[in-house]
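These notes concern the structure reproduced below.
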Amino acid sequence: MNEGTVEDNAERMADLAERIAAVQRRIDAAVQDAGRAGELPTLIVVTKFHPAADIRRLAALGVRDVGENRDQEASSKAAELAGLGLNWHFVGQLQSKKAKSVVKYAHALHSVDRLALVDGLERAIAAEQERTGREALECFIQVSLDDDAGAHRGGVAAAEVPLLAERLAAAAGLELAGVMAVAPLGTSPEAAFEKLAAISAALVAEHPGATAISAGMSQDLEAAIRFGATHLRIGSDILGSRPDVG
Ligand SMILES: *Cc1c(COP(=O)(O)O)cnc(C)c1O
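In terms of our numbering, the sequence shown opens at residue -19 and continues consecutively.
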């Protein structure tokens, strides 16, 4: 993408600052409404399809957590921006063969959805920790909140969470952080996130440290906060609409 002139860049910077402030105001209001004062969720800015230059601007504006959903794009941006001290969150579906690449840059993986992937991640993180001494990889189990399995947007059924959690909790170098979900299209996000909160509570009963809930996107962050989200994944309301690719 074209980086534009100096004036364009100043304009983009001001635009991003304004959009971050607006999202922050929504978050603050929702936290107040939910009676969760003092429990600010982590804001992850989802930067997929937007250029590395925008991520530099976000970092200059104080953003610390960014999200990507494709390994190739994420790994090249993370390499280019290695000096910025950002936490990279991988939020897309991940093929097992990409585990090796993801553990090189990711702080957290929000989309663990099968046992075979945990096998691959465990091997990959062991090699990476041996090489660099990196911290454990935070892992979220992605849960499908769709009743219609055929239409779902990724993730495991609630009934499959305990087995996957057991496996993750036992894996060296992987930290079971909690659950993640995307609200299904065409239903109320409140109902979906209420369901997710119940799944989270059942998980925490077995794994007391796994308290994180990654939920809430541009359209539904208020509902997610109301039902206990600890991590928000916001893309378009901060960066604008994505170029229409893939
Ligand atoms: C793109 C994406 C987001 C951000 O969505 P917006 O609607 O742009 O805020 C959040 N979560 C996941 C998994 C995504 O792929």
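We put the CB at the ideal spot given by N, CA and C, even for glycine.
Task: Beta-carbon proximity check, Ala189 vs Ala209, cutoff 8 Å - done: Numbered from 1 along the sequence shown, position 209 holds the residue referred to as residue 189. Numbered from 1 along the sequence shown, position 229 holds the residue referred to as residue 209. The sequence as given places Gly at residue 189; Ala does not occur at that position. No. Outside cutoff.
- [ ] Report yes if the CB atom of Ala182 is closer than 8 Å to the CB atom of Ala172, and no otherwise.
- [x] Reading the sequence shown from its first residue, position 202 is the one you call residue 182. Reading the sequence shown from its first residue, position 192 is the one you call residue 172. Cβ atoms of Ala182 and Ala172: not closer than 8 Å.
- [ ] Find out if the Cβ-Cβ distance for the pair Gly100, Ser81 is shorter than 8 Å.
- [x] Here the question's residue 100 lines up with position 120 in the sequence shown. Here the question's residue 81 lines up with position 101 in the sequence shown. No, the pair does not count as a contact, with Cβ atoms beyond the cut-off.
Task: Collapsed DSSP secondary structure at Phe173 in the structure displayed - done: Residue 173 sits at position 193 when you count from the first residue of the sequence shown. Note: Phe173 maps to helix in three-state DSSP.
Open item on the list: Would the stretch 107 to 119 count as touching the stretch 44 to 64 if we require 3 or more Cβ pairs under 8 Å?
Closed with: no
Task: Three-state secondary structure (DSSP) of Ser216 - done: Taking the sequence shown and counting its residues from 1, one reaches residue 216 at position 236. Three-state DSSP puts Ser216 in a helix.
Open item on the list: Is the separation between the beta-carbon of Gly158 and that of Phe207 shorter than 8 Å?
Closed with: Your numbering for residue 158 matches position 178 in the sequence shown. Your numbering for residue 207 matches position 227 in the sequence shown. Their beta carbons are not under 8 Å apart, which means Gly158 does not touch Phe207 by this criterion.
TODO: Please state if the CB of Ile205 and the CB of Pro21 are separated by a distance shorter than 8 Å.
DONE: Here residue 21 refers to the residue found at position 41 when the sequence shown is read from its first residue. Here residue 205 refers to the residue found at position 225 when the sequence shown is read from its first residue. A contact, by the Cβ cut-off of 8 Å.
Open item on the list: For a test of the three-state rule: what should DSSP assign to Gly189, helix, strand or coil?
Closed with: By 1-based counting over the sequence shown, the position of residue 189 is 209. Three-state result, Gly189: coil.
Open item on the list: Would you say the beta carbon of Gln52 is closer than 7 Å to some non-hydrogen atom of ligand 1?
Closed with: Sequence index remark: in the sequence shown, residue 52 carries index 72 (1-based). No - ligand 1 has no heavy atom lying nearer than 7 Å to the Cβ of Gln52.
- [ ] Pull up the distance between the alpha-carbon of Met(-19) and that of Ser198, whole angstroms please.
- [x] Taking the first residue of the sequence shown as 1, we reach residue -19 at position 1. Taking the first residue of the sequence shown as 1, we reach residue 198 at position 218. Reliability of the predicted coordinates at Met(-19) is poor, the pLDDT of 48 falling under 50, and the value obtained from them is presented with this limitation in mind. In a straight line, the C-alpha of Met(-19) is about 23 Å away from that of Ser198.
Open item on the list: Can you determine whether any heavy atom of ligand 1 sits closer than 7 Å to the C-beta of Lys57, and answer yes or no?
Closed with: Position 77 of the sequence shown holds residue 57. The answer is no for Lys57.
Task: Option nearest Gly72 by Cα separation, candidates Glu155, Val92 and Arg147 - done: On the sequence shown, residue 72 is found 92 positions in, with the first residue counted as 1. When each option's Cα is compared against that of Gly72, the closest is Val92.
- [ ] Give the C-beta separation of Val227 and Gly47 to the nearest angstrom, bearing in mind that I take them to be a contact with Cβ-Cβ under 8 Å.
- [x] The question about residue 227 has no answer, for the chain in this structure spans -19 to 226.
TODO: Locate the beta strand (DSSP E) running through Ser91, then write down its first and last residues.
DONE: Counting from 1 along the sequence shown, the entry for residue 91 is found at position 111. Ser91 -> beta strand (DSSP E) spans Ala86 to Val92.
TODO: Determine the direct distance from the alpha carbon of His69 to that of Glu(-2), and round the result to whole angstroms.
DONE: Residue numbering aside, residue -2 sits at position 18 when the sequence shown is read from its first letter. Residue numbering aside, residue 69 sits at position 89 when the sequence shown is read from its first letter. If you take the alpha carbons of Glu(-2) and His69, they lie about 23 Å apart.
Task: Any heavy atom of ligand 1 within less than 5 Å of residue CB: hits in chain order - done: In chain order, the hits are Val26, Asn49, Val71, Met197, Ser198, Arg213, Ile214, Gly215 and Ser216.
Task: Beta-carbon proximity list for Ala145, same chain, < 8 Å, skipping 5 on both sides - done: On the sequence shown, position 165 is the one that residue 145 refers to. Only Ile121, Leu156, Leu183, Glu186, His187 and Ala190 meet the Cβ criterion.
Open item on the list: So, at 7 Å on beta carbons, what are the nonlocal neighbours of Arg147 in its own chain, with the 5 sequence-adjacent residues on each side left out?
Closed with: Numbered from its first residue, the sequence shown carries residue 147 at position 167. Leu95 and Val98, listed in sequence order.
Open item on the list: Rounded to the nearest angstrom, what separates Ala10 and Glu202 at their Cα positions?
Closed with: Along the sequence shown, one-based indexing puts residue 10 at 30. Along the sequence shown, one-based indexing puts residue 202 at 222. The alpha-carbon separation between Ala10 and Glu202 amounts to approximately 5 Å.
Open item on the list: Which runs of the beta strand (DSSP E) at least 3 residues long sit entirely within the stretch 65 to 127? Give them in chain order.
Closed with: 67 to 70, 86 to 92 and 117 to 122
- [ ] Specify the secondary structure class of Glu63 as computed by DSSP and reduced to three states.
- [x] Start at 1 with the first residue of the sequence shown, and residue 63 comes out as number 83. Contrary to the premise, residue 63 reads as Gly rather than Glu in this sequence. Helix, per DSSP.
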